[in-house]
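*Asks:* I have a structure I would like to understand better, so I am pasting it below and will then ask my questions one at a time.
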Amino acid sequence: MHVLLPIDGTELSLRAVRYAIGLHHQGLQLRVLLANVQEPSNFYELVNAPDPAVREKISAEAGRHLLAQAQALLREACIAHVDAVAHGDPAQALIELAETNGIDLIVIGGHGKGLLRSAIEGSVSLKLLQEAKVPVLVVKAPLAA
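With this note's numbering, the residue at position 96 of the sequence shown is 169, and numbering never jumps.
Structure (structure tokens):
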């Protein structure tokens, strides 16, 4: 099964990686696409790095840095993976990655914002649930004690 694991640098995204590793240990054969999406440059970045090539390089490096912990977890579990750093709206970029890479399942950490907060702020996992053409597994945050 070809699985897309979006990584945003949070512990919740690493929780989704650990969940996928657990599925692998239960017998599911995985091929993994680790992905980080860098959002478009803000005004500050445009002013301080007016050269698009410089911004692209910085963005790609930031994305690769955010993937490092997930890469280490997958290597430790002996799970093959490919990395991607995309740019743009996170949900849309992940949908495009899923479609162009033959993804069978997206496993994403859910931030547990609640429906109202997600509706106001936007939620990548919610948008993926609504728009992705493949199943989406949302790994929820643990309940507070």
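From the three backbone atoms N, C-alpha and C, an ideal C-beta is built for every residue, glycine too.
Predicted model only: the values in this text are computed from it and were never measured.
Tell me, please, which residues DSSP counts as bridged to residue 154.
*Replies:* Walking along the sequence shown from the start, residue 154 turns up at place 81. Beta-bridge pairing links residue 154 to 105.
*Asks:* Hey, out of 134, 165, 152, whose CA is closest to residue 93's CA?
*Replies:* The residue labelled residue 93 in the question sits at position 20 within the sequence shown. Taking only the C-alpha atoms, the option nearest residue 93 is 152.
*Asks:* From the DSSP output, which residues share a beta bridge with residue 130?
*Replies:* Your numbering for residue 130 matches position 57 in the sequence shown. Per DSSP, none; premise fails for residue 130.
*Asks:* Does any C-beta atom of chain C lie closer than 8 Å to the C-beta of residue 88?
*Replies:* The displayed structure is made up of one protein chain only, and chain C is not part of it.
*Asks:* Contact between the stretch 139-148 and the stretch 79-93: three or more CB pairs below 8 Å?
*Replies:* With the cut-off at 8 Å, the stretch 139-148 and the stretch 79-93 touch.
*Asks:* Can you grab the Cα-Cα spacing for the pair residue 130 / residue 208, in whole Å?
*Replies:* For the purposes of this step, residue 130 is taken as residue 57 along the sequence shown, with counting starting at 1. For the purposes of this step, residue 208 is taken as residue 135 along the sequence shown, with counting starting at 1. Between residue 130 and residue 208, the C-alpha separation is close to 32 Å.
*Asks:* Please report the Cβ distance between residue 77 and residue 171, rounded to the nearest whole angstrom; I am assuming they are in contact, meaning their Cβ atoms lie under 8 Å.
*Replies:* Translated into positions along the sequence shown, residue 77 becomes position 4. Translated into positions along the sequence shown, residue 171 becomes position 98. So it is a contact: roughly 5 Å between Cβ atoms.
*Asks:* Using CA coordinates, which residue listed in 204, 201, 105 is at the minimum distance from residue 175?
*Replies:* By one-based count along the sequence shown, residue 175 stands at place 102. For residue 175, the nearest C-alpha among the options comes from 105.
*Asks:* Just how far apart, CA to CA, sit residue 135 and residue 81?
*Replies:* Within the sequence shown, the letter at position 62 stands for residue 135. Within the sequence shown, the letter at position 8 stands for residue 81. Cα-Cα distance, rounded: 11 Å.
*Asks:* Out of 183, 155, 74, 211, point me to the one whose CA is closest to residue 97's CA.
*Replies:* To locate residue 97, count along the sequence shown from 1; it is residue 24. Comparing Cα positions, the closest option is 74.
*Asks:* Just how far apart, CA to CA, sit residue 168 and residue 139?
*Replies:* For the purposes of this step, residue 168 is identified with residue 95 of the sequence shown, where counting begins at 1. For the purposes of this step, residue 139 is identified with residue 66 of the sequence shown, where counting begins at 1. Cα to Cα, the separation comes out at about 20 Å.
*Asks:* Whole-angstrom Cβ separation of residue 87 and residue 142, contact assumed at under 8 Å?
*Replies:* Residue mapping note: residue 87 aligns to position 14 of the sequence shown, counting from 1. Residue mapping note: residue 142 aligns to position 69 of the sequence shown, counting from 1. At roughly 6 Å, the Cβ-Cβ gap stays under 8 Å, so residue 87 and residue 142 are in contact.
*Asks:* Using only alpha-carbon positions, find the residue among 180, 132, 183, 177 that is nearest to residue 158.
*Replies:* Counting from one through the sequence shown, the residue named residue 158 turns up at place 85. The candidate whose alpha carbon is nearest that of residue 158 is 132.
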